[in-house]
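Peer 1: Attaching a single structure in structure tokens format; questions to follow.
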Amino acid sequence: MSDGGPGVGLRIGVLALQGAFREHVATFRRLGADAVEVRTPADLTGLDAVVLPGGESTVIDRLLDSSGLREPLVAALAGGLPAFGTCAGLIVLSAAAEDGRSDQRPLGLIDVTARRNGYGRQVHSFEAPVQLDADGDPMPGVFIRAPRIVRVGEGVEVVGTLDGEPVAAAAGGIMVASFHPELTGDDRLHRRFLDRVRVVRAVAA
Amino acid sequence: MSIAYDGSRASSDGDADFDCCVGCQVAEYGTMRVKSGLAEMLKGGVIMDVVNAEQAKIAEDAGAVAVMALERVPADIRADGGVARMSDPEMIVGIQEAVTIPVMAKARIGHFVEAQVLQALEVDYIDESEVLTPADEAHHIDKWGFRVPFVCGATNLGEALRRIAEGAAMVRSKGEAGTGNVVEAVRHIRAIRGEIARLTTLRPEELYAAAKNLQAPYDLVRACAEEGRLPVVLFTAGGIATPADAALMMQLGSDGVFVGSGIFKSGDPVRRARAIVEATTHFADAAVVAEVSKNLGEAMVGREISQLDGHGGLLQTRGW
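Residue numbers (our numbering), protein chains in the order written: chain A, 1 to 205; chain B, 1001 to 1320.
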């Protein structure tokens, strides 16, 4: 854990049911945050924010039920707990998912529609630079059987684009990305999320 | 330290075979980061062998992170004997249409044309597998030449690193497929993890001799020594039949498990599949493993390793 960094004093829970959760934990720890793995309802206690990582969204959806996490997580998010969802996590946080399983239940915390595997099967997975809104420098984007953001609702801010198409979005304390910033070492989106968490905390206080 | 994992040997087979989904000028396909990245997304999950669309649906409903499409599970390959080959493309397509999770399929060791066929079908991962009859006794497939990622089996660290050098984006310890006996899977995961742990204790000049002894590229050996882990995701396969078996492999340091014959050769595949998924997620929580292990019915019939002679013999010695 570093002495400084934008995450100091923040406790970030990373949903650790399945997928690339260790990489998010490592990234937030590098930024000075107290990052912990979330597997049970008790792990939600005392969090300043929660991260829904990449993985298989149908599996994470199922495990939310069997672990008993769905209700307390939904309650915490409804109470304003900030959340960052990447890839599968985007689908879980979205308002609607196309081409998923009929029993998959997105939480509806950000008004975007996501199309599962919207860029195609694995042979169509790719790397491409993502343009962030304000910055001049693009960040590396790793898109793996990625969901495609096919609709962005009113009041949702587009924070990253690829060929002019939205690939990262945010509204209040909720941020989503269709790619994997946790795999590249470029932590700019993680930093932006921490900024949002601080704003939410300041407003609450 | 990072080894050359920036896709510098990304496939050069031409993107003309594939539809481009975003601007081709900027997008790079088939990079190692994209290939190994999919394996990263499967971590903590269970990959299940299925032989038809109905089983694939059961696996998906149970929470499998991916399915392995094959014509016969390893227990049947053992029982039937003969040459085991890549599955019928029609059957693979049927499974791809039935589920939304990734679909993997097996090619024979060294059979790069079976791999080309599987890539043309757009399977999500190819398993160059010792469960099928090897097609080449000297050469594995050059996996760098493909856009689809490969997973390969290994019984020890040297074998794992040779496969990664050939372009494998994921490794699974081999175990002994089709036996329902976890002893070989334990031996192999312990061997791989133990050899990596030993590398981390060596002085820099000792790594050269270690690479020689492992018969593996020095850069990969040094990467393991520095990171204390393989440069790609490590799953376990071969003989896992119960939720406790799966949790055992996870506690021994596996990133996830393959279950072959263990589910659909058991008395109640639906319950067992769900139980193994739960035990893999909550592997460190014995109360959860105990709860999900209740009333699962008959496990698959297991085989003692020393008595495999009349039942297909050892598969783990295929590949090198």
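For each residue, glycine too, the CB sits at the ideal point set by N, CA and C.
Going by DSSP, name the residue or residues bridged to Y1029/B.
Peer 2: The residue labelled residue 1029/B in the question sits at position 29 within the second sequence. Paired residues: F126/A.
Peer 1: So A95/A and G108/A are supposed to be a Cβ contact under 8 Å. How far apart are they, rounded?
Peer 2: Indexing the first sequence from 1 puts residue 95/A at position 95. Indexing the first sequence from 1 puts residue 108/A at position 108. With 8 Å as the limit, A95/A and G108/A qualify as a contact, their Cβ atoms being about 5 Å apart.
Peer 1: Identify whether A1216/B lies in helix, strand or coil by the three-state DSSP scheme.
Peer 2: For this step, residue 1216/B is matched to residue 216 along the second sequence. Three-state result, A1216/B: coil.
Peer 1: Please compile the residues from chain B whose C-beta is within a distance smaller than 7 Å of the C-beta of T58/A.
Peer 2: The residue labelled residue 58/A in the question sits at position 58 within the first sequence. In chain order: E1060, T1100, I1101.
Peer 1: Identify, in the order they occur along the chain, each residue of the same chain with its Cβ nearer than 7 Å to the Cβ of L1314/B, setting aside the five sequence neighbours on each side.
Peer 2: The residue given as residue 1314/B occupies position 314 in the second sequence. Excluding residues within five positions, the ones whose Cβ falls inside 7 Å are E1176, L1308.
Peer 1: Scan the stretch 140–174 of chain A for residues whose Cβ lies nearer than 9 Å to a Cβ of chain B and list them as they occur along the chain.
Peer 2: Answer set for the stretch 140–174 of chain A: P140, V142, F143, I144, R145, R148, L162, D163, E165.
Peer 1: Have a look at P82/A, P41/A, P166/A and flag the residue whose alpha-carbon is nearest the alpha-carbon of L64/A.
Peer 2: What you label residue 64/A is simply residue 64 of the first sequence in a count that begins at 1. Per the Cα distances, P41/A.
Peer 1: List the residues that DSSP assigns as beta-bridge partners of K1174/B.
Peer 2: Working through the second sequence from its first residue, we reach residue 1174/B at position 174. Answer is none; K1174/B lacks a bridge partner.
Peer 1: Mapping DSSP to helix, strand and coil, what is C1024/B?
Peer 2: Translated into the one-based positions of the second sequence, residue 1024/B becomes position 24. Note that C1024/B has pLDDT 48, beneath the 50 cutoff, so the model's placement of it is unreliable and no number is given.
Peer 1: How big is the Cα-Cα spacing for V197/A and L1042/B?
Peer 2: Residue mapping note: residue 197/A aligns to position 197 of the first sequence, counting from 1. Residue mapping note: residue 1042/B aligns to position 42 of the second sequence, counting from 1. Cα to Cα, V197/A sits roughly 28 Å from L1042/B.
Peer 1: Among residues of its own chain, excluding the 5 on either side of K1212/B, which ones have a beta-carbon nearer than 8 Å to its beta-carbon?
Peer 2: As a working note, residue 1212/B is residue 212 in the second sequence. Excluding residues within five positions, none has a Cβ falling inside 8 Å.
Peer 1: Determine the direct distance from the alpha carbon of A205/A to that of R30/A, and round the result to whole angstroms.
Peer 2: Numbered from its first residue, the first sequence carries residue 30/A at position 30. Numbered from its first residue, the first sequence carries residue 205/A at position 205. Rounded to whole angstroms, R30/A to A205/A spans 26 Å at the Cα level.
Peer 1: Look at the Cβ atom of V152/A, then the Cβ atom of G160/A, and state whether they are nearer than 8 Å.
Peer 2: For this step, residue 152/A is matched to residue 152 along the first sequence. For this step, residue 160/A is matched to residue 160 along the first sequence. Taking 8 Å as the Cβ cut-off, V152/A and G160/A do not qualify as a contacting pair.
Peer 1: In three-state DSSP terms, what is A238/A?
Peer 2: There is simply no residue 238/A to check, as chain A begins at 1 and stops at 205 in what is shown.
Peer 1: Starting from R1115/B, trace the beta strand (DSSP E) both ways and give me its first and last residue.
Peer 2: Position 115 of the second sequence, counted from the start, is the residue given in the question as residue 1115/B. The question names Arg, but residue 1115/B in the sequence shown is Ala. It is not in any beta strand (DSSP E) - A1115/B instead sits in the alpha helix (DSSP H) that spans 1112–1120.
Peer 1: Give me, in chain order, the residues of the same chain whose beta-carbon lies closer than 7 Å to that of I1189/B; leave out the 5 immediate sequence neighbours on both sides.
Peer 2: The count along the second sequence starts at 1 and reaches residue 1189/B at position 189. Closer than 7 Å at the Cβ level, and outside the excluded window around I1189/B, lie S1173, T1236, M1249, L1252, G1253, S1254.
Peer 1: With distances taken Cα to Cα, identify the nearest neighbour of A1287/B among A1247/B, E1122/B, V1301/B.
Peer 2: The sequence position of residue 1287/B within the second sequence is 287, counting from 1. The candidate whose alpha carbon is nearest that of A1287/B is A1247/B.
Peer 1: In chain order, what residues of the same chain lie with their CB nearer than 6 Å to the CB of S1008/B, ignoring the 5 residues before and after it?
Peer 2: Locating residue 1008/B in the second sequence gives position 8, counting from the first residue. The pLDDT assigned to S1008/B is 34, lower than 50, so where the model puts this residue is not dependable; a value taken from the coordinates is nonetheless given after this. For S1008/B, where only same-chain residues beyond five positions count, there are no Cβ hits under 6 Å.
Peer 1: Could you tell me if Q1215/B is buried or exposed, where buried requires 16 or more neighbouring beta carbons within 10 angstroms of its beta carbon?
Peer 2: In the second sequence, counting from the first residue as 1, residue 1215/B sits at position 215. Exposed, because fewer than 16 other Cβ atoms sit within 10 Å of the Cβ of Q1215/B.
Peer 1: Check the Cβ of P1149/B against every Cβ in chain A and list those closer than 8 Å, keeping chain order.
Peer 2: Your numbering for residue 1149/B matches position 149 in the second sequence. Under the 8 Å cutoff, chain A gives Q122.
Peer 1: To the nearest angstrom, how far is the alpha carbon of V200/A from that of D163/A?
Peer 2: Position 200 of the first sequence, counting from 1, holds the residue named residue 200/A. Position 163 of the first sequence, counting from 1, holds the residue named residue 163/A. So the alpha carbons of these two residues sit roughly 31 Å apart.
Peer 1: Can you say whether E1137/B is buried or exposed, counting buried as having 16 or more other CB atoms within 10 angstroms of its CB?
Peer 2: Here residue 1137/B refers to the residue found at position 137 when the second sequence is read from its first residue. Per the 10 Å Cβ criterion, exposed.
Peer 1: Taking its Cβ as the centre, do 16 or more other Cβ atoms sit within 10 Å of V1221/B, making it buried, or is it exposed?
Peer 2: Reading the second sequence from its first residue, position 221 is the one you call residue 1221/B. It is buried - the Cβ of V1221/B has at least 16 other Cβ atoms within 10 Å.
Peer 1: Quick one: residues in its chain with C-beta nearer than 7 Å to the C-beta of V1123/B, no 5 flanking neighbours on either side, listed in chain order?
Peer 2: By one-based count along the second sequence, residue 1123/B stands at place 123. Cβ neighbours of V1123/B beyond the five flanking positions: I1092, V1103, M1104, A1105, V1148.
Peer 1: What is the DSSP secondary structure of V1067/B, counted as helix, strand or coil?
Peer 2: As a position in the second sequence, residue 1067/B is number 67, starting the count at 1. Looking at V1067/B - three-state DSSP - the assignment turns out to be strand.
Peer 1: Looking at the C-beta of R39/A, does it have a partner C-beta in chain B at a distance below 8 Å?
Peer 2: Here residue 39/A refers to the residue found at position 39 when the first sequence is read from its first residue. At least one chain B Cβ lies under 8 Å of R39/A.
Peer 1: Quick check on the DSSP output: the alpha helix (DSSP H) that includes L1199/B runs from which residue to which?
Peer 2: As a working note, residue 1199/B is residue 199 in the second sequence. That run of the alpha helix (DSSP H) goes 1183–1199.
Peer 1: Using a threshold of 8 Å, state whether the C-beta atoms of T1201/B and G1302/B are closer than that.
Peer 2: Taking the first residue of the second sequence as 1, we reach residue 1201/B at position 201. Taking the first residue of the second sequence as 1, we reach residue 1302/B at position 302. Not a contact, by the Cβ cut-off of 8 Å.
Peer 1: Which residues in chain A sit within 8 Å of G1044/B, going by Cβ to Cβ distance?
Peer 2: Mapped onto the second sequence, residue 1044/B falls at position 44. Neighbours of G1044/B on chain A, chain order: A16, L17, Q18, G19, F21, G55.
Peer 1: Taking its Cβ as the centre, do 16 or more other Cβ atoms sit within 10 Å of G9/A, making it buried, or is it exposed?
Peer 2: Within the first sequence, the letter at position 9 stands for residue 9/A. With fewer than 16 other Cβ atoms within 10 Å, it is exposed.
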